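The working numbering numbers the first residue of the sequence shown as 48 and each following residue consecutively.
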Amino acid sequence: MDSIQLNIKHLAGIVTEEEILLKSEQASAANQALYDGTREGSDFLGWVELPSSITDENIREIEDSATVLRTRCDAVVVIGIGGSYLGARAVIDALSSSFDWLQDKDKRKNPVVLYAGNNIGEDYLYELMSLLEDREFGIINISKSGTTTEPALAFRLLKDMLEKKVGAEETKKRIVAITDESKGALRTLADSEGYKTFVIPDNVGGRYSVLTPVGLLPIAVAGINIRKLIQGAVEIEKGTSSATSFDYNLPAIYAVIRNELYKRGKKIEILANYHPKLHFLAEWWKQLFGESEGKENLGVFPAAVDFTTDLHSMGQWIQEGERTIFETIISVKQPDNKVKIPRDDRDLDGLNYLEGKRVDEVNKMAELGTRIAHVDGGVPNILIEIPQLNEKYMGQLIYFFEKACGISGYLLGINPFNQPGVEAYKKNMFALLEKPGFEDATRAIKKRI
Ligand code: PA5
């Protein structure tokens, strides 16, 4: 097995293979529309053939910029929110040692990657800045629109701190801005300060931007091989082209199944993993599907759990709660490391029956046992298997889910590439903060509080 696999044999009888095949034409037409731009959102299809269009020169420019930050900094703060940080974090967490961030800074091979601008927590920012006091830090500031409040606020604070710490000239070498080619506050600021910049293409939306410099630069800074990541994505891009027949188009099959389950009352999809490093892949996936499909009062609600951890908190609900859920499992065949369970002569914990087995064998049996229990409990199950956690398979997974999301959104009948609902909270927040230009909204909202 040299590629991610899709196992759809455990749908609890709720959708049959025949019913899936009946939708093959619709799914292939939806896939085709991603190439010919004949449906809504056609301005945002730049991600479809993005992996194969990345040139060696593009990669070298990113690698060179990563080298500058890696050489000058022992910590790099990635400032961004939503699609401007989740993809990078998903890959970095999946492919770095779990306790990397605790390593003494002199012993580290790679700068520690930290995150800001994804919340407005005052304590979070205070504590981050306290930590950075004795760090040689740099900043990758990412905002496609260049106007998002959360990252702009974090950047103002960290830029000010960096300038006071290392001076204006050195600061310029340690800041990279990734934003629109010509518009937005971040573009104006970056050009006037003379920062190194990368462009987020107009036709790639935030949540589809992980394979642009948005994701690739932070990932390269973390010491991860972006060439292999891109290669993995290219493999799935090629294997899911508009010429690919439905039976071989795994994202199309996944998209059909989740839509058919949705029509049969399975309104919530739970993405589950048995590998703690995949927590942020699920966060990225939640944004991808949630922001793409949750509109016009429609859309599967994307939820996520980390197993076996959450079997001890959410397991009861999944097993016996309202039967409106289905589960998609990401299963990693081989962990990178081996840990064998030792014998204990007194066996007070009763674990000697596991003597000599690997910890992963226990994990795998927990996975299988849970899967069978959930299917028996009426929870349809989709299994996505990957051989191991490495760059190539992460690249495959990213493109798999992006393609599935585009097809799924079109099958649902909505535009998967806009996010009009995200503006509602911003308008109220600006009105409450009395931002210039929002005077009418301020007057209106004040009457309601
Ligand atoms: O997918 C999207 O477009 C959004 O969720 C954005 O990623 C998020 O709002 C951040 O926007 P920006 O990169 O413009 O700061």
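All C-beta atoms, glycine included, are put in the ideal place defined by N, C-alpha and C.
Please read all numbers here as calculations on a predicted model, not as lab measurements.
Taken from the Cβ of residue 198, at least one heavy atom of the ligand PA5 lies inside 7 Å. The closest heavy atom of the ligand PA5 lies 7 Å or more from the beta carbon of residue 445. Residue nearest to residue 138 within the set 412, 369, 218, 329 is 329 (criterion: CA-CA distance). In the DSSP assignment, residue 379 forms a beta bridge with 433.
In the three-state reduction of the DSSP assignment, residue 162 falls in the strand class.
Contact check between the segment 155 to 163 and the segment 220 to 239: fewer than three CB pairs, one atom from each, fall below 8 Å, which does not count as touching. Taking the Cβ atoms as the reference, residue 247 lies roughly 5 Å from residue 191, within the contact range of under 8 Å.
Taking all protein chains shown into account, residue 457 has 16 or more neighbouring C-beta atoms within 10 Å of its C-beta and is therefore buried.
Only buried fits residue 441, as 16 or more other CB atoms lie within 10 angstroms of its CB. Collapsing the DSSP output to three states places residue 410 in a helix.
Annotated three-state conformation of residue 348 is strand, per DSSP. Counting the other Cβ atoms within 10 Å of the Cβ of residue 260 gives 16 or more, which makes it buried. Take residue 269, set aside five residues on each side of it, and the residues of its chain with a beta-carbon closer than 7 Å to its own are 139, 143, 157, 160, in chain order. A direct Cα-Cα distance of roughly 22 Å separates residue 337 from residue 280.
Per DSSP, reduced to three states, the secondary structure at residue 296 is coil, with no helix or strand assignment. The C-beta distance from residue 92 to residue 250 rounds to 6 Å, short enough to fall under 8 Å. Contact between the segment 89 to 108 and the segment 281 to 288 is present, with at least three C-beta pairs closer than 8 Å. Under the rule that a run must span 4 or more residues, the alpha helix (DSSP H) segments found entirely inside the segment 84 to 126 read 97 to 100, 103 to 119. Here residue 254 is buried. Its C-beta has 16 or more other C-beta atoms within 10 Å. One Cα belongs to residue 185, the other to residue 218, and the distance between them is close to 8 Å.
CA-to-CA, the gap between residue 169 and residue 305 works out to about 39 Å.
Contact holds between the segment 310 to 317 and the segment 370 to 378, because three or more Cβ pairs, one in each stretch, are under 8 Å apart.
In the DSSP annotation of this structure, residue 464 is not part of any alpha helix (DSSP H), being labelled neither H nor E. Setting aside the 5 residues that flank it on each side, residue 58 is surrounded in the same chain by 427, each with a C-beta closer than 6 Å to its C-beta; the list follows chain order. Three or more pairs of CB atoms, one per stretch, sit closer than 8 Å, so the segment 225 to 243 contacts the segment 190 to 207. Residue 111 and residue 396 have their alpha carbons spaced roughly 53 Å apart.
In this structure, residue 365 places its C-beta atom within 8 Å of the C-beta atom of residue 317.
Membership of residue 185 in the beta strand (DSSP E) is indicated by the continuous run 184 to 190. The beta strand (DSSP E) runs lying completely inside the segment 207 to 290 and spanning 3 residues or more are 222 to 226, 243 to 246, given in chain order. A straight-line Cα-Cα distance of about 22 Å links residue 79 and residue 65. About 16 Å separates the Cβ atoms of residue 347 and residue 70, ruling out a contact at the 8 Å cut-off. The beta carbon of residue 439 is closer than 7 Å to those of 275, 278, 279 in its chain, skipping five residues each way along the sequence. By the Cβ neighbour-count rule, residue 132 is buried, with 16 or more other Cβ atoms within 10 Å of its own.
The beta-bridge partner set that DSSP reports for residue 359 is empty. By the criterion of a C-beta distance shorter than 6 Å, residue 244 is surrounded in its chain by 224, 237, once the five residues flanking it on both sides are discounted.
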